[in-house]
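S.K.:
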Amino acid sequence: MNISKFENLPNELIVECLEYLYIFDTRHSFNGLNDRLDKLIRTVPLNLNFILVNKKRLEHFCQHTLLYPEIREQIYSLRLSNENRCDQIETFLAHISLNTLNNLHTLILTHIEKENLIQLKSMLSLSINLFYFKLISSQIDEDELIAVLPLSKLEKLSILSLRSFLLYIQQPTKIKYLTLFNCSLEQIICKLFSYVPFLKYLNISYVSKYNRSIKDIDIINKYKCINLQTLIIGEFIYNFEDFVILVQQIPNLKSLTISINYNKTMINALNWEHLIESSLPYLNIFKFKFSFKKIYNNETYFEQMMFFQRKFWIEQHHWYTQLISNQYSICIYTIPYLLNTFKLESDTVIHYNTIFTMSNLFDDITHLTLTVQSINEKYQFYFPNIISLTLINSNDVLNNFSEHIDFIQYLKMIINLSNLKHLDISKYKKIILSGNLLAIMKETPMLNSLKINSIDLMLLYNNEELCEYLIMMIKKLNIHKYNRCSFKTFEELMIFHTVFQHITSLQCNINSSEQFSFILERFPSLSTLCIYMSSSCYNFYAYNYLEQLSSEWRIKYRTKQAYKNVNEISIWIN
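For the sequence shown, my numbering begins at -1 and goes up steadily by one.
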């Protein structure tokens, strides 16, 4: 029997190599080759992420691979989601109980449905070894899960609301890393700090007012979070004096990230200098984005912004800022830009730029909305890491604008197209007729997802070369438009099928049961399908058809009301 060079490696190195491989490919490639490899595969630590796994592969993995107790013992991290895959959580839990995963340290659940609560509540209460728990689900009341969550070993927690946590907490915890979607300043200062004495990292998307004010000085000064070193606030909806109160409770802060919109009390550089010098002696990382609406006396604001260019910021701390504006607002931010989303309009202007080269300014931006009128030779921006691009027209009068420029060359001066995966042209009517869509597809080797207005869909089929690229590249397609059927006739659907029959994900509107069954039967690669269907069309036939497919284990589906008289049907296909 021939022995490969790989098999000559010691067991420790083979296991280390297997850890770097995708677990599903590992099982498919190595299982059953010989007894030695079979045993080693069962000792590989598993960090399972089923977010992008289709129904058939998930069920096979649960029924065969996780059948062995020794493999379940190797599961340290598990991520499940019902987003675009209805019932993924239920499917997994039907085969594997969380209670049997004795070494599970990290559990991430997103888009939980009400049907999952009973199972999860009984299992979570016994998952005493959890180190990290993340719950992202606005579809349910998270209180029910937080109430049973074991906290004895938990050090990392990510949930939507601080209220749920405070409602059931009985004593101080060991939590060191906490991520929240929303809370109030009062909840943080008066309650949270008393229950998380070891907190090192706090990330909150929105800190907003709950119609309360902090008046009790004794309560304010009672609890200080002396271990907190990193604070991230996505949106702070209070005034500067309120932020001062918060900062005074975290004297050892080393890293601060904050974003504030339309609050002029927060943009005084001298106030920030005084606060940092008096209350934040250890702060060495400061990232911010302050924006405010333009008014008649804009020169005053521009003068205020210049104070962020003083020696305190540039020389003492090396915190560099940039100022940009458009027709409606002005924004100052630290470099590089701290958010991952950005909208570039035709009148967006950089007013000054300190030291950093332009290629560094927007390194963290991955999702860009771009008006086509901003694509010209006078570019001030460059985005090297864009994975999602939305193209829009800012003015219908300028619809022909892009026809008079070298569109693709100027676009490449603004964006590195080699990383682009998703393109949204649903608000750019002229891109197909102008030939710019074909030009983009030729320059985007990673592109596999497209959103397009269903009205423009028929225009695609007139260009044979464009159709070839669509067939070869596009796997995810969104043609959903509010209150409009994606296919006027069955013939349109047939033409659509000739170009997009190999897509794996589809979102659309339909108006008949015939279109419904055709899509389910004639698109063999579909894994996820989201259909919007009027209540009158979602009739007895459609319901029975779904029930039949479900009983045959061919699909899982969920139905809910999307908007008035329209049902949203989410289908996960085997």
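For each residue, glycine too, the CB sits at the ideal point set by N, CA and C.
Fair warning: this is a prediction, and the values are worked out from it, not measured in the lab.
Under 8 Å, do K174 and E153 count as touching if we go by C-beta distance?
M.R.: In the sequence shown, counting from the first residue as 1, residue 174 sits at position 176. In the sequence shown, counting from the first residue as 1, residue 153 sits at position 155. Their beta carbons are under 8 Å apart, which means K174 touches E153 by this criterion.
S.K.: Apart from the five residues just before and just after L11, which ones in its own chain have a Cβ nearer than 7 Å to its Cβ?
M.R.: Taking the first residue of the sequence shown as 1, we reach residue 11 at position 13. Cβ within range, chain order: n/a, list empty.
S.K.: How big is the Cα-Cα spacing for S159 and L143?
M.R.: For the purposes of this step, residue 159 is taken as residue 161 along the sequence shown, with counting starting at 1. For the purposes of this step, residue 143 is taken as residue 145 along the sequence shown, with counting starting at 1. Approximately 12 Å, taken between the alpha carbons.
S.K.: Taking 6 Å as the limit between beta carbons, can you name the residues of its chain near N259, skipping five residues before and five after?
M.R.: In the sequence shown, counting from the first residue as 1, residue 259 sits at position 261. So the qualifying residues of the chain are S289.
S.K.: Do I110 and Q137 have their CB atoms nearer than 8 Å?
M.R.: Taking the first residue of the sequence shown as 1, we reach residue 110 at position 112. Taking the first residue of the sequence shown as 1, we reach residue 137 at position 139. A contact, by the Cβ cut-off of 8 Å.
S.K.: Please state the DSSP three-state secondary structure of R552.
M.R.: The sequence position of residue 552 within the sequence shown is 554, counting from 1. Coil, per DSSP.
S.K.: Among L96, Y530, T63 and I157, whose alpha-carbon lies nearest the alpha-carbon of P108?
M.R.: Translated into positions along the sequence shown, residue 108 becomes position 110. What sits at residue 108 in the sequence shown is Thr, not Pro. Checking every option, the nearest Cα to that of T108 belongs to I157.
S.K.: Would H93 pass as a contact of S75 if the rule is Cβ separation under 8 Å?
M.R.: To locate residue 93, count along the sequence shown from 1; it is residue 95. To locate residue 75, count along the sequence shown from 1; it is residue 77. Not closer than 8 Å, so no.
S.K.: For chain C, is any of its Cβ atoms less than 8 Å away from the one on Y193?
M.R.: This model lacks chain C altogether; it includes just one protein chain.
S.K.: How big is the Cα-Cα spacing for L387 and L366?
M.R.: If you number the sequence shown from 1, residue 387 lands on position 389. If you number the sequence shown from 1, residue 366 lands on position 368. L366 has its alpha-carbon roughly 5 Å from the corresponding atom of L387.
S.K.: Could you give the uninterrupted runs of the beta strand (DSSP E) lying entirely in the segment 130 to 192, keeping only those of 3 residues or more?
M.R.: 130 to 134, 154 to 159 and 175 to 181
S.K.: So what does DSSP say about N209, is it helix, strand or coil?
M.R.: Residue numbering aside, residue 209 sits at position 211 when the sequence shown is read from its first letter. At N209 the pLDDT is 44, less than 50, meaning the model places this residue with poor confidence; the figure from the coordinates comes in the next sentence. Coil.
S.K.: Assuming N434 is part of the alpha helix (DSSP H), what are its boundary residues?
M.R.: As a working mapping, residue 434 is identified with position 436 in the sequence shown. Note, N434: alpha helix (DSSP H), N434 to K440.
S.K.: Measure the CB-CB distance between S452 and S484 and report whether it falls below 8 Å.
M.R.: By one-based count along the sequence shown, residue 452 stands at place 454. By one-based count along the sequence shown, residue 484 stands at place 486. Going by C-beta atoms, S452 is nearer than 8 Å to S484.
S.K.: Near L178, what residues of its chain come up, given a Cβ to Cβ distance below 6 Å and the 5 sequence neighbours on each side ignored?
M.R.: As a working note, residue 178 is residue 180 in the sequence shown. Excluding five sequence positions before and after L178, the CB atoms of its chain that fall closer than 6 Å to its own CB belong to L160 and I202, given in chain order.
S.K.: Measuring alpha carbon to alpha carbon, tell me which residue in M492, N237, W270 and Y221 is nearest S206.
M.R.: Working through the sequence shown from its first residue, we reach residue 206 at position 208. Per the Cα distances, N237.
S.K.: Which same chain residues end up closer than 6 Å to M411 when comparing Cβ atoms and leaving out the 5 residues on each side of it in sequence?
M.R.: Along the sequence shown, one-based indexing puts residue 411 at 413. Within the same chain, M411 has close Cβ partners Y377.
S.K.: What are the uninterrupted segments assigned as beta strand (DSSP E) that are 3 or more residues long and contained completely in the segment 231 to 298, given in chain order?
M.R.: 253 to 259 and 283 to 291
S.K.: Have a look at the DSSP bridge pairing and note the partners of L200.
M.R.: Against the sequence shown, residue 200 aligns to sequence position 202. L176 and L229, per the DSSP bridge assignment.
S.K.: Start and end of the beta strand (DSSP E) containing C329?
M.R.: Position 331 of the sequence shown, counted from the first residue, corresponds to residue 329. S327 to T332 is the extent of the beta strand (DSSP E) around C329.
S.K.: Which residue or residues does DSSP assign as beta-bridge partners of M303?
M.R.: For the purposes of this step, residue 303 is taken as the residue at position 305 of the sequence shown. In the DSSP output, where bridge partners are listed per residue, M303 has none listed.
S.K.: For the alpha helix (DSSP H) holding I412, just list the boundary residues, first then last.
M.R.: Reading the sequence shown from its first residue, position 414 is the one you call residue 412. Its alpha helix (DSSP H) spans residues F405 to I412.
S.K.: How do the segment 503 to 512 and the segment 546 to 562 stand: do at least 3 beta-carbon pairs fall below 8 Å, yes or no?
M.R.: no
S.K.: Tell me, to the nearest whole angstrom, how far the beta carbon of I384 is from that of I363; I am working on the premise that it is less than 8 Å.
M.R.: As a position in the sequence shown, residue 384 is number 386, starting the count at 1. As a position in the sequence shown, residue 363 is number 365, starting the count at 1. Right, the Cβ-Cβ distance comes to about 7 Å (below 8 Å), so this counts as a contact.
S.K.: To the nearest angstrom, how far is it from the Cα of Y573 to the Cα of N374?
M.R.: Because the chain in this structure spans residues -1 to 572, residue 573 falls outside the shown range and cannot be described.
S.K.: For I186 and Q247, what's the separation of their Cα atoms in angstroms?
M.R.: Here residue 186 refers to the residue found at position 188 of the sequence shown. Here residue 247 refers to the residue found at position 249 of the sequence shown. Those two C-alpha atoms are separated by around 10 Å.
S.K.: According to DSSP, is I471 part of a helix, a strand, or is it coil?
M.R.: Here residue 471 is taken as the residue at index 473 of the sequence shown, counted from 1. In the sequence as presented, Ile is not what sits at residue 471; that position holds Met. In the structure shown, M471 sits in a helix (DSSP, three-state: H, G or I).
S.K.: Identify the residues that DSSP records as bridge partners of V13: which are they?
M.R.: The count along the sequence shown starts at 1 and reaches residue 13 at position 15. Note: V13 sits in no beta bridge, so no partner.
S.K.: Identify, in the order they occur along the chain, each residue of the same chain with its Cβ nearer than 6 Å to the Cβ of K449, setting aside the five sequence neighbours on each side.
M.R.: For the purposes of this step, residue 449 is identified with residue 451 of the sequence shown, where counting begins at 1. If we look at K449 and ignore the five residues flanking it on each side, its Cβ neighbours are D422, S424 and N476.
S.K.: What is the rounded straight-line gap between the Cα of I493 and the Cα of Y541?
M.R.: Numbered from its first residue, the sequence shown carries residue 493 at position 495. Numbered from its first residue, the sequence shown carries residue 541 at position 543. Cα to Cα, I493 sits roughly 26 Å from Y541.
S.K.: Could you check what DSSP says for W570 in three-state terms: helix, strand or coil?
M.R.: What you label residue 570 is simply residue 572 of the sequence shown in a count that begins at 1. W570 falls in the strand class under three-state DSSP.
S.K.: So, is Q505 buried or exposed, given that buried needs 16 or more other C-beta atoms within 10 angstroms?
M.R.: Start at 1 with the first residue of the sequence shown, and residue 505 comes out as number 507. Per the 10 Å Cβ criterion, buried.
S.K.: Restricting to Cα atoms, I'd like to know which of F284, M303 and C329 is closest to Q314.
M.R.: As a first step, residue 314 is located in the sequence shown; it is residue number 316 there, counting from the start. When only C-alpha atoms are compared, the closest one is F284.
S.K.: Compute the distance between the beta-carbons of K291 and S344, then report whether it is under 8 Å.
M.R.: Translated into the one-based positions of the sequence shown, residue 291 becomes position 293. Translated into the one-based positions of the sequence shown, residue 344 becomes position 346. Contact flag unset, no.
S.K.: Going straight from the alpha carbon of M121 to that of N114, what length do you get?
M.R.: Here residue 121 corresponds to residue number 123 of the sequence shown, with the count starting at 1. Here residue 114 corresponds to residue number 116 of the sequence shown, with the count starting at 1. Spanning the two alpha carbons is a distance of roughly 11 Å.
S.K.: For I390, which of I87, I69 and V370 has the nearest alpha-carbon?
M.R.: Taking the first residue of the sequence shown as position 1, residue 390 is located at position 392. Among I87, I69 and V370, the Cα nearest to that of I390 is on V370.
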